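Asks:
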Amino acid sequence: MQLAAILLPGLAFVSQILAAVTAFDPSEHARNHARSFEAVTNNVRQTWPILDGSGGRNVVRYCYADAVSKAKLQQDFEAAIQIWMTALGGAASSTAEHNLVFAEVSGQGGEEKFCSAWYQRLDQDRYTLIWDASSDHSAVIGYIPPAQLVGGKLDPPNRHHMHLSTLSGAHKIHKYAHELGHVLALVHEHQRPDRDQHVIYRCHKVRGFSDAFQKARYDPKNDLKLADWEIENKLCNEFAFAKRYGFFGSAFDTEYGGPTQLQSFPLGDYDTKSIMHYDSLTAQTYDLNDPHACPNNPAECAIVRKGNGEPGEPIFTNLIPSAGDLAFVRTYYPYDRRPPGGGQAGNLTST
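With mature numbering (1 follows the signal peptide of the UniProt record, and there is no 0) applied, the sequence shown covers -19 to -1, 1 to 332.
So this is what it looks like as structure tokens:
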């Protein structure tokens, strides 16, 4: 196999990305944002391994599911990679202090290959990019070693996969950059178990709460005979219950998505600047021109920074990785000065 590494483009392209970051329009973000749900089936994920023949680099190998997926996703996906590389200070090096390489996998001689055409076991560790017009952007978190059981299968095909839809607007690329954070093994910051110490979360303000509440209350299959307060509590705090009734609040559940469920590394400071943190506009409908609605009235926002207490301060969209995000990458993908050769994945439970 040959690896076609994604290299840093010219400075003109970098400046275009940075210009887009400074000109952010929150209305464009909220129109385009779709939730990130991770298909997690095991508790601890790993970093992407140092690949034989890569010069000692941690390589995230990926391919497109088919020609349509590549045509729809390639330009924006490569731009999302560039957002991370620009923030990290460039390609893997001692100066940039990271060891990451993103590489599209090609066939012998460099010919174009798509994931859907591959069935060899040795190819199953690559990341499959799938275009799905109806997708609520999703990405499997981190690297799953071949020996781990996933869904009852050993080393199943396409165990690493990302579903993406086509987005519009000048600031669409950061949604893909958010999903890349999951690929690197980052989870949602707002699903940390200590979240409520740092932000105010108003579950009943999340879009769809009333509909989900009514569905749960009158569900003939609900034999628990729950009181109203119990229904609200379960919608707001139990991932499976919220998902059962199609409630977007499942994306904020600290029981399911927190790092203690997926990773065992020090949490560090809570980071509302993380590209993995949802903003105040994601969770609900809003009107930028209405002084009584979110974000102009923080009391109407589903999630806000605590600030000086109630009603809190709106959290706006993070278009680039934060210092904390970059510290994670540099900690778990440190620059490797060893001679080129093999190596194993670094387990996130290590100290």
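Just so you know, even glycine gets a beta-carbon here, dropped at the ideal spot from N, CA and C.
Just so it is clear, the structure is predicted and the values come from calculations on it, not from any experiment.
(1) Decide if LYS202 is buried, meaning its Cβ has at least 16 other Cβ atoms within 10 Å, or exposed.
(2) Along the beta strand (DSSP E) that carries residue 335, what are the first and last residues, could you check?
(3) Helix or strand or just coil, what does DSSP make of THR312?
(4) Can you check the segment 17 to 72 for any beta strand (DSSP E) of at least 3 residues that lies completely inside it and give the ranges in chain order?
(5) What residues in its chain sit with their C-beta under 6 Å from that of GLU170, if we drop five residues either side in the sequence?
(6) Under a three-way DSSP split, which group does PHE228 fall into?
(7) Starting from PRO295, follow its DSSP beta bridges and name the residues at the other end.
(8) With a threshold of 7 Å on Cβ separation, who are the neighbours of ALA20 within its own chain once the five nearest residues in sequence on each side are excluded?
(9) Thinking C-beta only, is LEU161 closer than 8 Å to ALA61?
(10) Roughly how many angstroms lie between the CA atoms of ALA193 and LEU262, to the nearest whole one?
(11) Is DSSP giving SER74 helix, strand or coil here?
(12) For PHE141, I'd like the list of residues in its chain whose CB is within less than 6 Å of its CB, leaving aside the five on either flank, ordered along the chain.
(13) Can you give the Cα-Cα distance for PHE309 and PHE190, rounded to whole angstroms?
(14) Whole angstroms are fine: how far does the CA of ALA73 sit from the CA of LEU32?
Replies: Taking the geometry as given:
(1) Along the sequence shown, one-based indexing puts residue 202 at 221. So LYS202 ends up on the exposed side.
(2) Outside the modelled stretch of the chain, which goes from -19 to 332, sits residue 335, for which no answer is possible.
(3) Position 331 of the sequence shown, counted from the first residue, corresponds to residue 312. THR312 falls in the helix class under three-state DSSP.
(4) As far as the segment 17 to 72 is concerned, its whole beta strand (DSSP E) runs of at least 3 residues are 39 to 45.
(5) Translated into the one-based positions of the sequence shown, residue 170 becomes position 189. Sequence-distant Cβ neighbours of GLU170 in its own chain, meaning closer than 6 Å and more than five residues away, are ASP252, SER255, MET257 and HIS258.
(6) The count along the sequence shown starts at 1 and reaches residue 228 at position 247. The DSSP-derived three-state label of PHE228 is coil.
(7) Taking the sequence shown and counting its residues from 1, one reaches residue 295 at position 314. The partner list for PRO295 (beta bridge, DSSP) reads VAL285.
(8) The count along the sequence shown starts at 1 and reaches residue 20 at position 39. Only weak support exists for where ALA20 lies, its pLDDT of 30 falling under 50; the value from the coordinates is given anyway. Here the set comprises SER119 and VAL121.
(9) Here residue 61 is taken as the residue at index 80 of the sequence shown, counted from 1. Here residue 161 is taken as the residue at index 180 of the sequence shown, counted from 1. In this structure, LEU161 lies closer than 8 Å to ALA61 by Cβ.
(10) Numbered from 1 along the sequence shown, position 212 holds the residue referred to as residue 193. Numbered from 1 along the sequence shown, position 281 holds the residue referred to as residue 262. Near 20 Å, if we compare the C-alpha coordinates of LEU262 and ALA193.
(11) Translated into positions along the sequence shown, residue 74 becomes position 93. In the three-state reduction of the DSSP assignment, SER74 falls in the strand class, which pools E and B.
(12) Stepping through the sequence shown from its first residue, residue 141 is reached at position 160. Inspection of the sequence shows that residue 141 is occupied by His rather than by Phe. Answer for HIS141: TYR108 and VAL121, listed in chain order.
(13) Along the sequence shown, read from residue 1 onward, the residue named residue 309 stands at position 328. Along the sequence shown, read from residue 1 onward, the residue named residue 190 stands at position 209. If you take the alpha carbons of PHE309 and PHE190, they lie about 34 Å apart.
(14) The residue you call residue 32 lines up with position 51 of the sequence shown. The residue you call residue 73 lines up with position 92 of the sequence shown. Each residue's alpha carbon lies about 14 Å from the other.
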